[in-house]
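Heads up, the thing below is written out as structure tokens.
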Amino acid sequence: MAQKEAIIFDLFETLITEFVDGSRKVSRASRDYGNLIGLSNSEFQQQWNERQEMRMNRGFPTYRAVMMDILEKNDLPYVEHVIEALYQERIHEKKVPFMNINTDVIDLLKQLKREPVKLGVISNCTEEEVQGWAECPLADNFDEVIFSYQVGCAKPDAAIYELACSRLGVNPKHCMFVGDGGSNELAGARSAGMDAYQAAWYVPDFISSKISGFPRLTKPNELYEQFLDKQ
Ligand SMILES: [Mg+2]
């Protein structure tokens, strides 16, 4: 069994969580998009989701660019102060999970920091989603942090895993990847040559049970045990 020289973490629902009591309360403040921009909440959500990939890989470089595209395609006016207010609200909401880090995750990172292993993060995210990162207690623990919006590619694209390995100076074969499985990231990590593990400690069972074929970890500490097994 190959010894592991690096562990790469997903961010959302792996290191931090937006779920509260089984639903995604933190980031879903109720607002009336119909009133604000002229699209019903469900229409807006659909249009937002359709642009998921391009929001992550810098196809849309900013929140404003996504909103401009949605409004333009729907023949709706772009009202600067409305979009600016939505942007600021989104920054504020997205900062919340960075302020409440699970102590089991902190303990895991402390344990790993005592081992001869490099730690990395690969996150599919946009600029306004990770403004809480730099100030949060997780940030100092990692040797490399890759945010998809900064590098212009996103999981499960092989390029983003390769970039992480090259920055960490490790062969993917000597890498463990752990994530809740969003964006098909576990299959992507495996295709890139890594051992992939499913982080099932944050997401509710009805979501995590949709993913199979990867060792399922129900507590952060189980990752440490898996790491020790490989040494
Ligand atoms: Mg995730």
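Whatever position you read off the sequence shown (first residue = 1), add 1244 for this note's numbering.
Ideal Cβ placement from N, Cα and C applies to all residues, glycine included.
Buried versus exposed, by CB contacts within 10 Å (16 or more), residue i
i, result
"residue 1443", "buried"
"residue 1250", "buried"
"residue 1425", "buried"
"residue 1257", "buried"
"residue 1358", "exposed"
"residue 1458", "buried"
"residue 1343", "exposed"
"residue 1416", "buried"
"residue 1364", "buried"
"residue 1288", "buried"
"residue 1448", "exposed"
"residue 1467", "buried"
"residue 1360", "exposed"
"residue 1439", "buried"
Coil, strand or helix - residue i by DSSP
i, result
"residue 1388", "strand"
"residue 1284", "coil"
"residue 1319", "coil"
"residue 1463", "coil"
"residue 1291", "helix"
"residue 1422", "strand"
"residue 1454", "coil"
"residue 1435", "helix"
"residue 1340", "helix"
"residue 1274", "coil"
"residue 1442", "strand"
"residue 1335", "helix"
Proximity winner among the options, relative to residue i (alpha-carbon distances)
i, options, result
"residue 1379", "1341, 1405, 1396, 1310", "1341"
"residue 1382", "1350, 1355, 1361", "1350"
"residue 1327", "1279, 1461, 1376", "1279"
"residue 1303", "1397, 1357, 1288, 1354", "1397"
"residue 1352", "1436, 1372, 1385", "1385"
"residue 1404", "1470, 1274, 1301", "1301"
"residue 1275", "1266, 1286, 1324", "1286"
"residue 1252", "1263, 1284, 1430, 1298", "1430"
Near ligand 3: residue i beta-carbon under 7 Å from a heavy atom
i, result
"residue 1351", "Ligand 3 is absent from the structure shown, which contains only ligand 1."
*In chain order, each alpha helix (DSSP H) run of at least 4 residues that lies wholly inside the region 1365-1420*: Secondary structure remark: continuous alpha helix (DSSP H) runs of at least 4 residues inside the region 1365-1420, in chain order: 1392-1395, 1402-1412.
*Touch test, the region 1360-1376 against the region 1392-1402, Cβ-Cβ under 8 Å, three pairs minimum*: The region 1360-1376 is in contact with the region 1392-1402.
*At a cut of 8 Å, does the region 1329-1349 reach the region 1301-1317 through at least three beta carbon pairs?*
With a cut-off of 8 Å, the region 1301-1317 and the region 1329-1349 count as touching, because enough Cβ pairs lie within range.
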